[in-house]
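Counting from 103, one number per residue, gives the positions in the sequence shown under my numbering. We put the beta carbon where it would ideally sit given N, CA and C, even for glycine.
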Amino acid sequence: ENRMKCGLGKCGRCNVGSVYVCKDGPVFTAAQVKAMPQEF
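1. Quick one: using the 10 Å Cβ neighbour count with 16 as the cut-off for buried, is C108 buried or exposed?
2. For L110, which residues in the same chain have their Cβ closer than 8 Å to its Cβ, ignoring the five residues on either side in sequence?
3. Since G119 and P139 should fall inside the 8 Å C-beta cutoff, what is the C-beta to C-beta distance between them, to a whole number of angstroms?
4. To the nearest angstrom, how far is the alpha carbon of M106 from that of K136?
Here it is as structure tokens:
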């Protein structure tokens with residue numbers, strides 16, 4: 103768990119692939135997590 107810099111999806115600090123945790127999350131289904139890049 104980390105702090106989000108802006109919380110609006112503008113800074114790009116919380117993106118995982120094309121998903122922004124501040125806008126699309128912070129809760130994801132197992133299917134969404136499996137579709138995320140392996141680096142995550």
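Walking through what the data contain:
1. The residue is exposed, with fewer than 16 neighbouring Cβ atoms inside 10 Å.
2. If we look at L110 and ignore the five residues flanking it on each side, its Cβ neighbours are C124 and K125.
3. Under the criterion of beta carbons closer than 8 Å, G119 and P139 qualify as touching, at roughly 5 Å.
4. Rounded to the nearest angstrom, the two C-alpha atoms are 22 Å apart.
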